[in-house]
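Novice: One structure coming up, written as structure tokens, with questions to follow.
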Amino acid sequence: MENKVETNKESAKKRLFSAIQPSGDLTLGNYLGAIRNWVVLQDEYDSVFSIADLHSLTVRQEPAALRRNTLSMAASLIACGIDAERHPLFVQSHVHEHAELAWILECNTMFGELSRMTQFKDKSARHADNINAGLFTYPSLMAADILLYNADAVPVGEDQRQHVELARDVAIRMNGLYNGVFTVPESFIPKYGARVKSLADPTKKMSKSDANQNAFVLILDDKDTVVRKFKKAVTDSENEIVFREGKDGINNLLTIMSAVSGKTVPALEKEFEGKGYGEFKLAVGETVADALAPIRARYAELMADKEYLTKTLADGAEKAAYVARRTLSKVYKKVGLLQK
Ligand code: ATP
Ligand code: LTN
């Protein structure tokens, strides 16, 4: 049983780290763009996964909902196939070293760098009444998550690439100043990755915080709901199922169908040649619903056993803290903080 997280120096495998905010239920976009890759890659790497609850505080949360969503996210991740017995899965706030390293990194991240982050610009436009300091320094906390575990690989969706690049820049800067403190991480958008678009407006990404419920599919949606949402998916006024510039809706449905069925887009174009959009949407909806059914069932089982979930997260935090403690103490020493 590999139940001890080791640092890179001791492990033959490369380290993988990734996290997700417990800001709501997982969408099909989160699953196909991020979580499914974690599942595929988890055994190839020495993997560590986190639920980034501190990050979600950058947007106003209802306390009881945040608590519920955190446990529910743990159940969702395990239901999707994260093997939390082999790979630590923990809640970010349970390992206090994240917030502590974030401070050191904030002192080594430039105002100009943070100002260029597109997520900061987007989120400050969307939450104009709450442009707090945490929203601005969010990438430094994310860099702390990554650098605490000496991660080599950080699988994320395209929209998070800029943050991982900032973590790289900060690691390189501090390595120069303090003589090799950190492993420099690589972001990668794995080849199995899919960028899933909104079903209501296929020029935008599918996002769980979209006000329009028909814009996203949740991995916990039941079959009827999934099929209904796909039936309503916005397409175009032609009647040709081909992947082509300008056909955002059809391109999105083909991408989803390909990611879920494992068939290539050209094979799908052939399969649906001459068929109508209605038939195609129904096929995509049913294929997605069937793929999600076992995840929903496993989720329900896990949510019925809160004790198991709590224990799994506590074990994960203990294993993660073992590594985090060592990194933080090395960094404190290197930057010149007086040792106790
Ligand atoms: P929010 O709506 O609260 O901003 P979100 O649904 O956009 O959330 P995040 O929690 O920010 O998702 O992202 C979790 C992971 O899922 C990230 O790695 C992100 O890149 C990926 N991801 C999110 N949306 C998509 C999408 N539509 N397609 C592919 N990957 C996605
Ligand atoms: N910001 C990420 C979640 C996240 C993360 C990380 C991802 C927090 N810390 C460290 C990779 C590595 C998001 O998906 N919104």
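When we follow this note's numbering, the leftmost residue of the sequence shown carries the number 907, and every step to the right adds one.
Note that the Cβ used here is the ideal one computed from N, Cα and C, for glycine as well.
As the structure is a computational prediction, the values presented were derived from the model and not from experiment.
Taking only the alpha-carbon atoms, compute the straight-line gap between N1145 and G1182 and give it to the nearest angstrom.
Specialist: Here residue 1145 corresponds to residue number 239 of the sequence shown, with the count starting at 1. Here residue 1182 corresponds to residue number 276 of the sequence shown, with the count starting at 1. Distance between the alpha carbons of N1145 and G1182 is about 6 Å.
Novice: Only counting runs of 4 or more residues, tell me where the alpha helix (DSSP H) segments fall wholly within the segment 1157-1221, in order along the chain.
Specialist: 1171-1177 and 1183-1209
Novice: With DSSP as the reference, label L932 as helix, strand or coil.
Specialist: Taking the sequence shown and counting its residues from 1, the one referred to as residue 932 is at position 26. Reduced to three states, the DSSP call for L932 is coil.
Novice: Below 8 Å, how does it come out for the segment 1061-1078 and the segment 1232-1246: are there three or more Cβ pairs, yes or no?
Specialist: Contact fails: fewer than three Cβ-Cβ distances are below 8 Å.
Novice: By a C-beta neighbour count over all protein chains shown, 10 Å radius and 16 as the cutoff for buried, is K910 buried or exposed?
Specialist: Here residue 910 refers to the residue found at position 4 of the sequence shown. Legend: pLDDT at K910 = 40, less than 50; position of this residue unreliable, value from coordinates given subsequently. Result: exposed.
Novice: Under 8 Å: does the beta carbon of R1074 sit that close to some heavy atom of the ligand ATP?
Specialist: Taking the first residue of the sequence shown as position 1, residue 1074 is located at position 168. Checking every heavy atom of the ligand ATP against the Cβ of R1074, none is found closer than 8 Å.
Novice: How many angstroms separate the CA atom of D1116 from the CA atom of L934?
Specialist: To locate residue 1116, count along the sequence shown from 1; it is residue 210. To locate residue 934, count along the sequence shown from 1; it is residue 28. Roughly 13 Å separates the two Cα atoms.
Novice: May I ask whether a heavy atom of the ligand ATP can be found less than 8 Å away from the beta carbon of I1125?
Specialist: Counting from 1 along the sequence shown, the entry for residue 1125 is found at position 219. Checking the Cβ of I1125 against the ligand ATP gives no.
Novice: Helix, strand or coil for A1049? Go by DSSP, reduced to three states.
Specialist: As a position in the sequence shown, residue 1049 is number 143, starting the count at 1. Helix, per DSSP.
Novice: Got a sec: does the ligand ATP put a non-hydrogen atom nearer than 8 Å to the Cβ of T1089?
Specialist: If you number the sequence shown from 1, residue 1089 lands on position 183. No, the ligand ATP has no heavy atom inside 8 Å of this Cβ.
Novice: Kindly indicate which residue of A990, S1030 and Y1044 has the alpha-carbon position closest to the one of L1007.
Specialist: As a working mapping, residue 1007 is identified with position 101 in the sequence shown. Comparing Cα positions, the closest option is Y1044.
Novice: Tell me, to the nearest whole angstrom, how far the beta carbon of A918 is from that of S956; I am working on the premise that it is less than 8 Å.
Specialist: In the sequence shown, residue 918 corresponds to position 12, counting from 1. In the sequence shown, residue 956 corresponds to position 50, counting from 1. That belief does not hold up - the Cβ atoms of A918 and S956 are roughly 23 Å apart, past 8 Å.
Novice: Quick one: using the 10 Å Cβ neighbour count with 16 as the cut-off for buried, is G1086 buried or exposed?
Specialist: As a working mapping, residue 1086 is identified with position 180 in the sequence shown. Taking all protein chains in view, the Cβ of G1086 is surrounded by fewer than 16 other Cβ atoms within 10 Å, so the residue is classified as exposed.
Novice: Along the chain, where does the beta strand (DSSP E) containing L922 start, and where does it finish?
Specialist: If you number the sequence shown from 1, residue 922 lands on position 16. First-last of the beta strand (DSSP E) with L922: R921 to I926.
Novice: In terms of residues, what are the limits of the alpha helix (DSSP H) holding S999?
Specialist: Residue numbering aside, residue 999 sits at position 93 when the sequence shown is read from its first letter. Here S999 belongs to no alpha helix (DSSP H), and DSSP marks it neither H nor E.
Novice: Tell me, please, whether the segment 1187-1198 touches the segment 1133-1140 by the rule of three or more beta-carbon pairs shorter than 8 Å.
Specialist: Yes: at least three Cβ pairs fall under 8 Å.
Novice: Given a threshold of 16 other Cβ atoms within 10 Å of its Cβ, counted over all protein chains shown, does P994 qualify as buried or as exposed?
Specialist: Here the question's residue 994 lines up with position 88 in the sequence shown. Label assigned to P994: buried.
Novice: The ligand LTN and S1164: does the residue's C-beta get closer than 8 Å to at least one heavy atom of that ligand?
Specialist: The residue labelled residue 1164 in the question sits at position 258 within the sequence shown. It does not: the Cβ of S1164 is nowhere closer than 8 Å to a heavy atom of the ligand LTN.
Novice: Per DSSP, what kind of secondary structure is K1240 in: helix, strand or coil?
Specialist: Here residue 1240 refers to the residue found at position 334 when the sequence shown is read from its first residue. Helix.
Novice: Could you tell me which residues DSSP puts in a beta bridge with F1094?
Specialist: As a working note, residue 1094 is residue 188 in the sequence shown. DSSP, once it has assigned bridges, lists P1061 as partnering F1094.
Novice: Assuming the contact rule is C-beta atoms closer than 8 Å, D1130 and P1091 should be a hit. Round their C-beta distance to whole Å, please.
Specialist: Translated into positions along the sequence shown, residue 1130 becomes position 224. Translated into positions along the sequence shown, residue 1091 becomes position 185. Incorrect: roughly 42 Å between the Cβ atoms, too far for contact.
Novice: Going by DSSP, what residue range makes up the beta strand (DSSP E) through I941?
Specialist: Taking the sequence shown and counting its residues from 1, one reaches residue 941 at position 35. Looking at the DSSP string, I941 is not in any beta strand (DSSP E), and its letter there is neither H nor E.
Novice: Quick one: is the Cβ of Y937 within less than 8 Å of any heavy atom of the ligand LTN?
Specialist: By one-based count along the sequence shown, residue 937 stands at place 31. Not under cutoff, so the answer is no.
Novice: Please check the pair L1198 and L1208, which I expect to be a contact at CB under 8 Å, by giving their CB distance rounded to whole angstroms.
Specialist: As a first step, residue 1198 must be located in the sequence shown, where it is residue number 292. As a first step, residue 1208 must be located in the sequence shown, where it is residue number 302. In fact, because the Cβ distance is near 15 Å, the residues do not count as touching under 8 Å.
Novice: Determine whether the beta carbon atoms of Q948 and I988 lie at a separation below 9 Å.
Specialist: The residue given as residue 948 occupies position 42 in the sequence shown. The residue given as residue 988 occupies position 82 in the sequence shown. Cβ distance < 9 Å, so Q948 and I988 count as in contact.
Novice: Can you list the alpha helix (DSSP H) stretches of 4 or more residues lying completely in the segment 1012-1040, in chain order?
Specialist: 1017-1021 and 1024-1032
Novice: Quick check: S1046 and L1083, are their CB atoms within less than 9 Å of each other?
Specialist: Counted from its first residue, the sequence shown places residue 1046 at position 140. Counted from its first residue, the sequence shown places residue 1083 at position 177. No, Cβ-Cβ distance for S1046 and L1083 is not below 9 Å.
Novice: Does at least one heavy atom of the ligand LTN sit under 8 Å from the Cβ of V1140?
Specialist: Walking along the sequence shown from the start, residue 1140 turns up at place 234. The answer is no for V1140.
Novice: Taking only runs of the alpha helix (DSSP H) that begin and end inside the segment 1073-1153, which ones reach a length of at least 4 residues, in chain order?
Specialist: 1129-1137
Novice: Exposed or buried, what is D1127 when buried is set at 16 or more other beta-carbons lying within 10 Å of its beta-carbon?
Specialist: Your numbering for residue 1127 matches position 221 in the sequence shown. The Cβ neighbour count for D1127, taken over all protein chains shown within 10 Å, is at least 16; the residue is labelled buried.
Novice: Report yes if the C-beta of S1020 is less than 8 Å from at least one heavy atom of the ligand LTN; otherwise report no.
Specialist: In the sequence shown, residue 1020 corresponds to position 114, counting from 1. The question names Ser, but residue 1020 in the sequence shown is Leu. No, the beta carbon of L1020 sits no closer than 8 Å to any heavy atom of the ligand LTN.
Novice: For R921, count the other beta carbons within 10 Å of its own beta carbon; 16 or more makes it buried, fewer makes it exposed. Which is it?
Specialist: In the sequence shown, counting from the first residue as 1, residue 921 sits at position 15. Classification for R921: buried.
Novice: Answer with buried or exposed for D1051, where buried requires no fewer than 16 other C-beta atoms within 10 angstroms of its C-beta.
Specialist: Taking the sequence shown and counting its residues from 1, the one referred to as residue 1051 is at position 145. Flag for D1051 reads buried.
Novice: For I957, which three-state DSSP category applies?
Specialist: On the sequence shown, position 51 is the one that residue 957 refers to. Here I957 sits in strand by DSSP.
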